[in-house]
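J.:
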Amino acid sequence: MGSVASFGSIIVNDVEFDTTNAEVVVEGEVRGTGDAAVTILLSQGMVVRVEGRLDGERTGTAARVVFNDNVEGPVERVTTLDALVTELVVMGQTVRVDDRTVFQNATLGAIGVGNVLEVSGLVDEAGTIFASYVNKKSDSLTPRAPVELKGIVQNLNTITGRFTINSLTIDYTTATVSGFSGADPQQGKLAEIKGRLIDPDTLAATSVVLENELGRDDIDTAEIEGFVTQFTSISRFAVGTVVIATDGATVFNDVVAEDLGVGTRLKIRGSLNSRIVLADEVALADKVKLESDVDSVNMDPQGDSLSLVGLSPVVVQTNASTKFTGVIVVGSHVKIFGRTTGSNEVIATKVLEKPGSGTVVLKGPAGDIMPPSLLKVLGVEINTSTIPKGSFFGKDGGPVSSDEFFSSLKTGDTVNAQGTWAGLGVTWNAIESE
């Protein structure tokens, strides 16, 4: 389960699925079969569930591709938060859009209050939808036109027959309720609701259905992407609404316990048993990771930026969607997860304050490669001559020689380098290509 990255078959979570014979299911209805149906009915950015089989590490064959939006309804408010992030309120649901959001039938600037939008994205611990896809369905909502959404049942009152999903009240007194253990919805469960608005804040439901994001209770191999929404321990947490369990056999791919707090975006692969995923592998969804002391902070209403000791010329941009743990000031030791927007520019998705240690980490795409000992990552020159034998690692995670490391490295490959700040520069002590 993840967002559609591209077509040519369909690519989801870096896996390319053959869709020659795949059914395409949209909002519970089979709408077509095969590659043409995938191209016509789906769009980049939609969060979909692909059911089928994996044929290799990054290839598979899809039997079904399932799409259900997060919300379809009228816009109540549009607020520009900074240069990158705009917040929409759609039928009581908070939606964040940015430069990665795919828009259909409108640009962001053309969206206004009253427009009917279909939104798809990943949901964080606060119930905010980080939209990867927004489709303008119409300029305004026709009276008594159907609307829909899915979300966590909150404030359930079985006497009045009402509950809320974020700021929207759901009246289910005349609705068909299905999938739950009793005649009523259940507090804390994910539900899909269809109905009509009787006022801007209240939806009269015609159906309330228990939703299962993975489509079934047991799966041999499940791969999901999402935000950590609950965290009990490194051995048990939730991604979206899916409970994740780990054990001694779980591989944490460049992930440690401190990374797994609420708000971190992860990719999980494992087996689903009774709706709990036992993870084989846990990895960060973000491709960039930085760690060092904060060298400077530039405050700007359109988005703050900071630089890190030993990692010049990298500029880290933060915005309204960046998640922070702790107060970040000059001298703070931080770990940053994010994505690149330029040769040396990073947009931070999460900034984690931690005790100072002198550790420096630089993970990102390789730029200039200058054997036998130099390369650049995000514009930072790494001199590998200080790295001891046995501390060069190849794409399979095993140790390689310095010559083997450089001969297999290509521009754009992800490089993960660790070192320490030595006062006048970074002494690098380990490096890996991924």
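In this text, residue positions in the sequence shown follow the working numbering: the first is 2, and each later residue adds one.
From the three backbone atoms N, C-alpha and C, an ideal C-beta is built for every residue, glycine too.
Since this is a predicted model, take the numbers as computed values, not measurements.
Express the C-alpha separation of SER297 and PHE253 in angstroms, rounding to a whole number.
T.: Residue mapping note: residue 253 aligns to position 252 of the sequence shown, counting from 1. Residue mapping note: residue 297 aligns to position 296 of the sequence shown, counting from 1. If I take the Cα positions, the gap works out to 32 angstroms.
J.: Output the distance between the C-alpha atoms of ARG101 and THR342, rounded to the nearest integer angstrom.
T.: Within the sequence shown, numbered from 1, the residue matching residue 101 stands at position 100. Within the sequence shown, numbered from 1, the residue matching residue 342 stands at position 341. Computed Cα separation, rounded: 11 angstroms.
J.: Three or more C-beta pairs under 8 angstroms: does that hold for the segment 56-69 against the segment 8-26?
T.: yes
J.: What residue ranges within the segment 26-74 form continuous alpha helix (DSSP H) runs of no fewer than 4 residues, ordered along the chain?
T.: 36-42
J.: Got a sec? Which residues, its chain only, sit under 6 angstroms from ILE370 by beta carbon, not counting five neighbours each side?
T.: Here residue 370 is taken as the residue at index 369 of the sequence shown, counted from 1. If we look at ILE370 and ignore the five residues flanking it on each side, its Cβ neighbours are LEU376, LEU410.
J.: Which class does SER306 belong to by DSSP, given the choice of helix, strand or coil?
T.: Indexing the sequence shown from 1 puts residue 306 at position 305. Three-state DSSP puts SER306 in a strand.
J.: Going by DSSP, what residue range makes up the beta strand (DSSP E) through GLU17?
T.: Here residue 17 is taken as the residue at index 16 of the sequence shown, counted from 1. For GLU17, the uninterrupted beta strand (DSSP E) run begins and ends at 16-19, by DSSP.
J.: Could you check where the beta strand (DSSP E) with SER409 kicks off and where it finishes?
T.: Here residue 409 corresponds to residue number 408 of the sequence shown, with the count starting at 1. Segment 403-409 is the alpha helix (DSSP H) holding SER409; no beta strand (DSSP E) there.
J.: Just checking, does the segment 82-94 make contact with the segment 39-49 on the three C-beta pairs under 8 angstroms criterion?
T.: At 8 angstroms Cβ cutoff, the stretches do not touch.
J.: Where does ALA111 sit, in a helix, a strand or coil, going by DSSP?
T.: Here residue 111 is taken as the residue at index 110 of the sequence shown, counted from 1. Helix, per DSSP.
J.: Taking ASP255 as the reference, which of GLN419, VAL39, THR40, VAL229 has the closest Cα?
T.: Here the question's residue 255 lines up with position 254 in the sequence shown. Considering only alpha carbons, the answer is GLN419.
J.: Name, in chain order, the residues that DSSP records as bridge partners for ALA349.
T.: What you label residue 349 is simply residue 348 of the sequence shown in a count that begins at 1. Answer is GLY339, bridged to ALA349.
J.: Flag this pair as touching only if the segment 105-124 and the segment 353-362 have three or more C-beta atom pairs under 8 angstroms; answer yes or no.
T.: no
J.: Does SER386 come out as helix, strand or coil in the three-state DSSP assignment?
T.: For the purposes of this step, residue 386 is identified with residue 385 of the sequence shown, where counting begins at 1. In the structure shown, SER386 sits in a helix (DSSP, three-state: H, G or I).
J.: So what's ALA423 in DSSP terms, helix, strand or just coil?
T.: Indexing the sequence shown from 1 puts residue 423 at position 422. If DSSP states are grouped into helix, strand and coil, ALA423 belongs with coil.
J.: Which whole-angstrom value is the C-beta distance of THR230 and GLY216, which I expect to be below 8 angstroms?
T.: For this step, residue 230 is matched to residue 229 along the sequence shown. For this step, residue 216 is matched to residue 215 along the sequence shown. About 19 angstroms; that fails the 8 angstroms criterion.
J.: On the DSSP bridge assignment, give the partners of MET371 in chain order.
T.: By one-based count along the sequence shown, residue 371 stands at place 370. Answer is LEU375.
J.: Do VAL416 and ALA349 have their CB atoms nearer than 7 angstroms?
T.: Within the sequence shown, the letter at position 415 stands for residue 416. Within the sequence shown, the letter at position 348 stands for residue 349. The answer is no: Cβ separation not under 7 angstroms.
J.: Do ARG32 and VAL39 count as a contact pair if the criterion is CB distance below 7 angstroms?
T.: Translated into positions along the sequence shown, residue 39 becomes position 38. Translated into positions along the sequence shown, residue 32 becomes position 31. Not a contact, by the Cβ cut-off of 7 angstroms.
J.: In the structure shown, what three-state DSSP assignment does GLU259 receive?
T.: For this step, residue 259 is matched to residue 258 along the sequence shown. Helix at GLU259.
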